[in-house]
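Have a look at the structure below before the remarks.
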Amino acid sequence: MTIASEINREVLFQKLGHTWYIFTEVNNEVVYSAMPDGMDPRSTKLELFEVIEDHMKKVATHPRYQKEAA
3 MTIASEINRE
13 VLFQKLGHTW
23 YIFTEVNNEV
33 VYSAMPDGMD
43 PRSTKLELFE
53 VIEDHMKKVA
63 THPRYQKEAA
């Protein structure tokens, strides 16, 4: 049996040049990632935000990021 848990996290979307970025905080560290080309958070369907959330979890646990945060 598995237990599903939901994590609520505040995110910031910021456009720099032609690219949108998403920022959030994980374990007291700021994590950010560029959004895919053509994705605009103002017009993106809510279902895609789940994909973004999964992506941010992967970014936060990526070994390269872990070295920088240490």
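Numbering (the numbering used here), first residue to last: 3 to 72.
Every residue, glycine too, gets a C-beta built ideally from N, C-alpha and C.
Judging by CA-CA distance, which residue of the options is the nearest neighbour of residue i?
i, options, result
"M37", "H57, E55, W22 and P65", "W22"
"E27", "S45, K59 and G40", "K59"
"Q16", "E31, P43 and N30", "P43"
Any idea if residue i is buried or exposed, counting beta-carbon neighbours within 10 angstroms, 16 or more meaning buried?
i, result
"V33", "buried"
Our contact map puts residue i next to residue j with C-beta atoms below 8 Å; I'd like the distance itself, whole angstroms only.
i, j, result
"F25", "L18", "Incorrect: roughly 11 Å between the Cβ atoms, too far for contact."
Going by the beta-carbon positions, is the gap between residue i and residue j smaller than 8 Å?
i, j, result
"S35", "H20", "no"
Would you mind listing the beta strand (DSSP E) stretches within the segment 16–69 that are 3+ residues and don't spill past its ends, in chain order? 21–28 and 31–36
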